[in-house]
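As structure tokens, the structure follows; a few thoughts come after it.
2 protein chains.
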Amino acid sequence: MNHQRECPVETLIHVLGGKWKPMILWHLIESKKRFNDLEKLIPDVSQKMLSQHLRDLEREGIVDRTVYPAIPPKVEYSLSEYGRTLIPVAEVMCAWGENHNKRKYEESAS
Amino acid sequence: MNHQRECPVETLIHVLGGKWKPMILWHLIESKKRFNDLEKLIPDVSQKMLSQHLRDLEREGIVDRTVYPAIPPKVEYSLSEYGRTLIPVAEVMCAWGENHNKRKYEESAS
DNA sequence: TAATGCACTTACTTAAAAGTAAGGGGATGA
DNA sequence: TCATCCCCTTACTTTTAAGTAAGTGCATTA
């Protein structure tokens with residue numbers, strides 16, 4: 001890490017920041033998902049937020065959107081090859097987050 | 001990673017999200033800093049945001065705030081022992097961010 | 001006496017993110 | 001014919017984050 005140049009942590013936060021994108025990534029790491037699947041998996045997400053963030057992630061090249069020309073329409077979202085480079089990032093972020101939650105839990109229990 | 005439970009990436013984003021906290025972390029990884037140092041190192045940050053986010057990070061136990069009872073007041077901010085657990089996280093986030101920036105640069109150049 | 005430096009705080013304003021509610025297109029099934 | 005399913009989009013409102021500007025307290029220096 002180089003402390004002279006601009007901090008690129010910001011870039012990651014820009015791409016993955018906000019309330020919903022990490023959740024979407026999280027579920028797509030496991031497997032490709034349809035719009036409705038994600039809606040069910042992510043409690044309280046509105047359709048608007050879901051479609052907006054999926055579009056953002058698609059624009060960044062992280063998510064692939066595959067449309068099957070069927071009726072009713074079928075659209076699948078999956079991590080792109082590039083998106084898969086985020087898996088190790090998600091892993092350390094999750095590991096830290098889990099530990100932090102545990103710590104807070106133990107703190108509140110004492 | 002466990003996809004049944006709640007995604008803890010959110011936790012990390014909660015702790016480190018927003019525009020300024022990653023920057024503060026970034027500079028404190030290098031060495032402890034005073035309020036004014038951070039103000040100079042982080043362009044465009046307002047005093048309000050700086051003090052607010054330093055306080056947030058302090059409350060989360062990530063940053064230690066040391067006050068020297070001198071006049072003019074001297075306050076030093078440093079990563080706590082717990083805060084140092086974020087260093088590996090920052091490293092992978094930075095690495096990904098740098099790569100992403102490079103990719104976007106090459107994309108726009110072509 | 002006045003100005004300066006440090007580390008903030010407060011009040012107010014603006015911008016960005018998210019929530020709510022409704023609609024739309026294009027079939028198919030009852 | 002009417003309702004239903006899927007994948008959204010649009011318009012509008014609310015909430016949250018951030019920006020701006022000014023002020024505070026204490027002491028030292030000029």
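Protein chains in written order, with full-length UniProt numbering: chain A, 1 to 110; chain B, 1 to 110. Each residue gets a CB set at the ideal place from its N, CA and C atoms; glycine is no exception. Quick caveat, the model's predicted, so the values are computed rather than measured.
Note to self: Just to confirm the assignment: which complete beta strand (DSSP E) runs, minimum length 3, are found wholly within the segment 68–97 of chain A?
What the structure shows: Counting whole runs of 3 or more residues, the segment 68–97 of chain A contains the beta strand (DSSP E) stretches 74–79.
Margin query: Let's see if you can read the secondary structure: which residues bound the alpha helix (DSSP H) around residue 60 of chain A?
Written below: Counting along the chain, residue 60 of chain A falls outside any alpha helix (DSSP H), and DSSP gives it neither H nor E.
Item checked: Contact set between residue 98 of chain A and chain B, taken where Cβ atoms lie within less than 7 Å -> Under the 7 Å cutoff, chain B gives 8.
Notebook entry, point to check: Under 9 Å Cβ-Cβ, which residues of chain A neighbour residue 69 of chain B?
Noted result: Within 9 Å Cβ-Cβ: nothing; residue 69 of chain B doesn't reach chain A, min ~29 Å.
Check: Can you give the Cα-Cα distance for residue 4 of chain B and residue 30 of chain B, rounded to whole angstroms?
Finding: Residue confidence is low: residue 4 of chain B scores 48 on pLDDT, short of 50, so the model does not pin down where it sits. Its coordinate-derived value is still stated next. So the two alpha carbons sit approximately 37 Å from each other.
Next item on the list: Can you check DSSP and say which residues form a bridge with residue 66 of chain B?
Entry: Residue 66 of chain B is bridged to B/76.
Notebook entry, point to check: My guess is that residue 8 of chain A and residue 16 of chain A are in contact by the Cβ rule of under 8 Å, so how many angstroms apart are they, rounded?
Noted result: Taking a contact as a CB-CB distance under 8 Å, the pair residue 8 of chain A and residue 16 of chain A does not count as one, their CB atoms being some 13 Å apart.
Checklist line | CB contact flag (residue 26 of chain A, residue 95 of chain A, <8 Å) | finding: No, the pair does not count as a contact, with Cβ atoms beyond the cut-off.
Next item on the list: Compute the Euclidean distance between the alpha carbons of residue 68 of chain B and residue 83 of chain B, then round it to the nearest angstrom.
Entry: Roughly 21 Å separates the two Cα atoms.
Checklist line | Below-8 Å beta-carbon distance, residue 17 of chain B vs any chain A residue | finding: Cβ-Cβ to chain A under 8 Å: yes for residue 17 of chain B.
Next item on the list: Alpha carbon to alpha carbon, how far is residue 46 of chain A from residue 39 of chain A? Give it in angstroms, no decimals.
Entry: Taking the straight line joining both Cα atoms gives about 8 Å.
Next item on the list: Give the C-beta separation of residue 56 of chain B and residue 78 of chain B to the nearest angstrom, bearing in mind that I take them to be a contact with Cβ-Cβ under 8 Å.
Entry: Contact between residue 56 of chain B and residue 78 of chain B is ruled out by a C-beta separation of about 16 Å, above the 8 Å threshold.
Next item on the list: Taking all protein chains shown into account, decide if residue 11 of chain B is buried (16 or more other Cβ within 10 angstroms of its Cβ) or exposed.
Entry: That one is buried.
Next item on the list: Just mark residue 62 of chain B as buried or exposed, buried being the case when its beta carbon has 16 or more other beta carbons within 10 Å.
Entry: Classification of residue 62 of chain B: buried, given that the 10 Å Cβ count is 16 or more.
Margin query: How far does the alpha helix (DSSP H) with residue 9 of chain B in it extend, from its first residue to its last?
Written below: 9–16 is the span of the alpha helix (DSSP H), which, as asked, contains residue 9 of chain B.
Next item on the list: Return no unless some Cβ of chain A is closer than 8 Å to the Cβ of residue 86 of chain B.
Entry: True, the Cβ-Cβ gap to chain A drops below 8 Å.
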